[in-house]
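Presented below is the structure to which this report refers.
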Ligand SMILES: [Zn+2]
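In the working numbering, the protein residues as written are 20 to 725.
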């Protein structure tokens, strides 16, 4: 029975360009969606621009335009990058990165507003909204409350000037905005004052939410197991409710929706209306294609037999697996069927970087004439079902696309199609009986490949498909049609061999179609067949079927194109304004309380000999791209040599003379570059690091930390 699915990708924020990091998610979702459609399921894939909040408001002000004008312009840019613009979506002739949304809308829409108001009102009736006074930094010149990232000042640790309210970019310390010395507003420059205001909270700590979320997140049904473990940490042990209430209101001026009944004095925080935007976009779709209220309700009411599937990045798991389902459950809506989280993109093994030119925009990729299906293929080959990060290695990208897609896949058709059109009028013969085993192998792989796609194990699907392509190529290599073609007496044999190769090519195209939709369409034209669906794997093209002339299907990537891409995205090493960190900072305000590990006794802790150490010398290690070699003075314990994975953040020169903490009784560890006699401590998480621990200057090397 066909399934009915409402599928979403997270909403991109409307203050910047789409880059290759974003595209991991849209390509991942699109492949899955296209696969489900090929199975005959009914899929509605919706998304929207996330348009509200302080960063948008301030950015529009700085450009001298209204927020509405800003988000409209960005909407145009995003939709062109994703699928070639709104026209393309309506006509079905997708461009851009070929993301096949059924609807792409905006959170700043009447549809979204209606859902936000409804959900809020129902939560309020359920007693799950509280109003409390909160004191925050306030800019007296702009008359606005300041999010952490809009407060700057001197680092309380190293006194560096112009540091943000949450962390120092010079010494790496983190702190709260109230710790800054001489704080000032990054918006107006004025000294902020502390001011109280009433805020609306969603009572996530209510036992009803906790009970529901324990069952919802731990049933093994809605989230990946690693996400389930993370959520368990956030929830705490039964009886230990670690969930904090969520501040869902902001004071004006704010670009967003007014909270009903507050007389324009309170607005919904952008993170409240962003996930609701999935429903807003879906309603807009239903209105656009003329669905009835009942048809729409069938997707959104509790107990619905449809599936609601969210693809997200692992950084927004808290919002999608705690706030969102708890809100829906208690506002009388259905809850998500699945929340699938993926990891981040690295390029050449490192975080994307503007100075290295690896912060690559979708627009530059397309404008330089690179084929979007190359990237779709590469991401597919790298993607699995976990939250692990994926790496775009640019050399590997060129090598793999050229060898797999051009060398193995397209090659099958290009070597055989010419003989068919020149010698046999494009008409196919019966397939070669001697190829029966390979043909059967291809057809029988339909289930395996389908299972991999269904489980989001795209890398496994691609590996299987390329094994099949290898088998097909071995057949062609062994039969040598180019040799057969030399003797007219071999014509029937040549005809059968080439017809068989075309059949191989058809089945491989079918398996690759979720990843390479445009190429698949060209192949369908060339083969003169209806759009391929999954069940076509069971059939073969009959003898007598006529195909068209072969046209060139895909070119190889030239390394020069990739070099040009990196060049085009390279920005000077001069400091640039922080890349819209406000978004991240805003979400952190209400992100999780850090999960603590299980309890240990004081005796357990005492086993670890932590000592103050002075870094006497620091050096690069030849051949190691993450390590620095540190010589430590540990006072009474003498000197130690330690290898530390902190090269990504620290210049050896900067470290000399600095105090830090070393685990002095860690068993020495033999490494490729020498023996490490201990371990220094540094902090990190998904948002950054490593940040070396600092010790007050008056401390002496060798002192015990306890
Ligand atoms: Zn500092």
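Where is the CB? At the ideal position from N, CA and C, for every residue including glycine.
These figures come from a predicted structure and were not determined experimentally.
Next on the checklist: Can you tell me whether residue 180 sits near ligand 1, meaning its C-beta is under 6 Å from at least one heavy atom of the ligand?
Outcome noted: For the purposes of this step, residue 180 is identified with residue 161 of the chain shown, where counting begins at 1. No - ligand 1 has no heavy atom lying nearer than 6 Å to the Cβ of residue 180.
Checklist entry - Three-state secondary structure (DSSP) at residue 50? => result Residue 50 sits at position 31 when you count from the first residue of the chain shown. Three-state result, residue 50: helix.
Next on the checklist: Would the region 304 to 312 count as touching the region 331 to 351 if we require 3 or more Cβ pairs under 8 Å?
Outcome noted: Contact between the region 304 to 312 and the region 331 to 351 is absent, because fewer than three Cβ pairs lie under 8 Å.
Checklist entry - Going by Cα to Cα distance, which pick from 538, 274, 513 is closest to residue 499? => result Within the chain shown, numbered from 1, the residue matching residue 499 stands at position 480. The shortest Cα separation from residue 499 among 538, 274, 513 belongs to 513.
Checklist entry - At what residues does the alpha helix (DSSP H) containing residue 467 begin and finish? => result As a working mapping, residue 467 is identified with position 448 in the chain shown. Per DSSP, residue 467 belongs to the alpha helix (DSSP H) from 465 to 473.
Item to check | Residue span of the beta strand (DSSP E) that contains residue 500, given as start and end | outcome: As a working mapping, residue 500 is identified with position 481 in the chain shown. Looking at the DSSP string, residue 500 is not in any beta strand (DSSP E); the run it does join, the alpha helix (DSSP H), is 500 to 503.
Next on the checklist: Does the distance between the C-beta of residue 305 and the nearest non-hydrogen atom of ligand 1 fall short of 6 Å?
Outcome noted: Walking along the chain shown from the start, residue 305 turns up at place 286. Checking every heavy atom of ligand 1 against the Cβ of residue 305, none is found closer than 6 Å.
Next on the checklist: Under DSSP, the alpha helix (DSSP H) around residue 315 begins and ends at which residues?
Outcome noted: In the chain shown, the residue the question calls residue 315 occupies position 296. Looking at the DSSP string, the run of the alpha helix (DSSP H) that includes residue 315 is 312 to 319.
Item to check | Spatial neighbours of residue 603 in its chain, beta-carbon cut-off 6 Å, leaving aside the 5 residues before and after | outcome: For the purposes of this step, residue 603 is taken as residue 584 along the chain shown, with counting starting at 1. Because residue 603 carries a pLDDT of 37, less than 50, the predicted location of this residue cannot be relied on, and no value is offered for it.
Checklist entry - If you compare alpha carbons, which of 647, 428, 242, 480 is closest to residue 331? => result In the chain shown, counting from the first residue as 1, residue 331 sits at position 312. The residue with the shortest Cα to Cα distance from residue 331 is 242.
Checklist entry - Which class does residue 292 belong to by DSSP, given the choice of helix, strand or coil? => result Translated into positions along the chain shown, residue 292 becomes position 273. Taken through DSSP and simplified to helix, strand or coil, residue 292 comes out as helix.
Checklist entry - Could you give the distance in angstroms between the alpha-carbon of residue 508 and the alpha-carbon of residue 478? => result As a first step, residue 508 is located in the chain shown; it is residue number 489 there, counting from the start. As a first step, residue 478 is located in the chain shown; it is residue number 459 there, counting from the start. Answer to the nearest angstrom: the Cα atoms are 44 Å apart.
Next on the checklist: Relative to the C-alpha of residue 226, which candidate in 213, 247, 257 has its C-alpha closest?
Outcome noted: What you label residue 226 is simply residue 207 of the chain shown in a count that begins at 1. Residue 257 is the option with its Cα nearest to residue 226.
Checklist entry - Using a threshold of 6 Å, is the CB atom of residue 186 nearer than that to any non-hydrogen atom of ligand 1? => result In the chain shown, counting from the first residue as 1, residue 186 sits at position 167. For ligand 1, not one heavy atom lies less than 6 Å from the Cβ of residue 186.
Next on the checklist: Is it buried or exposed, residue 95, if we count other Cβ atoms within 10 angstroms and call 16 or more buried?
Outcome noted: The count along the chain shown starts at 1 and reaches residue 95 at position 76. Residue burial annotation: residue 95 is exposed, with fewer than 16 other C-beta atoms found within 10 angstroms of its C-beta.
Checklist entry - Shortest alpha-carbon distance to residue 428 belongs to which of 27, 571, 30, 263? => result Taking the chain shown and counting its residues from 1, the one referred to as residue 428 is at position 409. Looking at the Cα atoms, 571 is the closest of the given residues.
Checklist entry - What are the start and end residues of the alpha helix (DSSP H) that includes residue 414? => result Sequence index remark: in the chain shown, residue 414 carries index 395 (1-based). Looking at the DSSP string, the run of the alpha helix (DSSP H) that includes residue 414 is 413 to 419.
Item to check | Secondary structure of residue 182, DSSP reduced to three states | outcome: Walking along the chain shown from the start, residue 182 turns up at place 163. Here residue 182 sits in strand by DSSP.
Item to check | Residue burial classification, residue 710 (beta-carbon count within 10 angstroms, cutoff 16) | outcome: The count along the chain shown starts at 1 and reaches residue 710 at position 691. Residue 710 comes out buried.
Checklist entry - Do residue 68 and residue 97 have their C-beta atoms closer together than 7 Å? => result As a first step, residue 68 must be located in the chain shown, where it is residue number 49. As a first step, residue 97 must be located in the chain shown, where it is residue number 78. Their beta carbons are under 7 Å apart, which means residue 68 touches residue 97 by this criterion.
Checklist entry - Sorted by chain position, which residues of the same chain lie with C-beta nearer than 8 Å to residue 355's C-beta, five sequence neighbours on each side aside? => result By 1-based counting over the chain shown, the position of residue 355 is 336. Within the same chain, residue 355 has close Cβ partners 241, 327, 328, 329, 339, 343, 344, 347.
Next on the checklist: For a test of the three-state rule: what should DSSP assign to residue 58, helix, strand or coil?
Outcome noted: Locating residue 58 in the chain shown gives position 39, counting from the first residue. Look at residue 58 here: in three-state DSSP terms it is coil, with no helix or strand label.
Item to check | Between the CA atoms of residue 178 and residue 632 - distance to the nearest angstrom | outcome: As a working note, residue 632 is residue 613 in the chain shown. As a working note, residue 178 is residue 159 in the chain shown. Linking residue 632 to residue 178 through their CA atoms gives a straight-line distance of about 22 Å.
Next on the checklist: I want to see whether chain C comes within less than 7 Å of residue 202, judged by CB atoms only; does it?
Outcome noted: Within the model displayed, chain C is absent; a lone protein chain is all it includes.
Next on the checklist: Looking only at its chain, what residues have a beta carbon closer than 6 Å to the beta carbon of residue 440, apart from the 5 residues adjacent to it on each side?
Outcome noted: Locating residue 440 in the chain shown gives position 421, counting from the first residue. Within the same chain, 568 come within 6 Å of residue 440 by CB-CB distance, once the 5 residues on both sides are set aside.
Item to check | N- and C-terminal bounds of the alpha helix (DSSP H) containing residue 112 | outcome: Working through the chain shown from its first residue, we reach residue 112 at position 93. It is not in any alpha helix (DSSP H) - residue 112 carries neither H nor E in the DSSP assignment.
Item to check | Minimum C-alpha distance to residue 630 - residue among 643, 654, 645, 640 | outcome: If you number the chain shown from 1, residue 630 lands on position 611. When each option's Cα is compared against that of residue 630, the closest is 654.
Next on the checklist: List, from N- to C-terminal side, the beta strand (DSSP E) runs of 3 residues or more that fit wholly inside the region 66 to 90.
Outcome noted: You should have found no qualifying run.
Checklist entry - residue 192: beta carbon under 6 Å from a heavy atom of ligand 1? => result Counting from 1 along the chain shown, the entry for residue 192 is found at position 173. Correct: residue 192 has its Cβ closer than 6 Å to ligand 1.
Next on the checklist: For residue 366, count the other beta carbons within 10 Å of its own beta carbon; 16 or more makes it buried, fewer makes it exposed. Which is it?
Outcome noted: Residue numbering aside, residue 366 sits at position 347 when the chain shown is read from its first letter. For residue 366, the number of other beta carbons within 10 angstroms of its own is at least 16, and it is reported as buried.
Checklist entry - With residue 64 and residue 134 assumed to form a contact (beta carbons below 8 Å), what rounded beta-carbon distance in angstroms separates them? => result The residue given as residue 64 occupies position 45 in the chain shown. The residue given as residue 134 occupies position 115 in the chain shown. That pair is no contact at about 19 Å.
Next on the checklist: Please give me, in chain order, every unbroken run of the beta strand (DSSP E) with length at least 3 that falls completely inside the region 190 to 268.
Outcome noted: The qualifying runs are 200 to 204, 212 to 221.
Checklist entry - Three-state secondary structure (DSSP) at residue 601? => result Numbered from 1 along the chain shown, position 582 holds the residue referred to as residue 601. For residue 601, the predicted structure reports a pLDDT of 35, less than 50, and the residue's modelled location is therefore unreliable. The matter cannot be settled from this model.
Item to check | Residue nearest to residue 651 in terms of C-alpha spacing, selected from 663, 626, 486, 351 | outcome: In the chain shown, counting from the first residue as 1, residue 651 sits at position 632. Ranked by Cα distance from residue 651, the first of 663, 626, 486, 351 is 663.
Item to check | Beta-carbon separation (whole angstroms), residue 665 vs residue 714, contact threshold 8 Å | outcome: For the purposes of this step, residue 665 is taken as the residue at position 646 of the chain shown. For the purposes of this step, residue 714 is taken as the residue at position 695 of the chain shown. At roughly 16 Å, the Cβ-Cβ gap does not stay under 8 Å, so residue 665 and residue 714 are not in contact.
Checklist entry - So the alpha helix (DSSP H) residue 536 belongs to, where does it begin and stop? => result Along the chain shown, read from residue 1 onward, the residue named residue 536 stands at position 517. Unbroken alpha helix (DSSP H) run through residue 536: 536 to 546.
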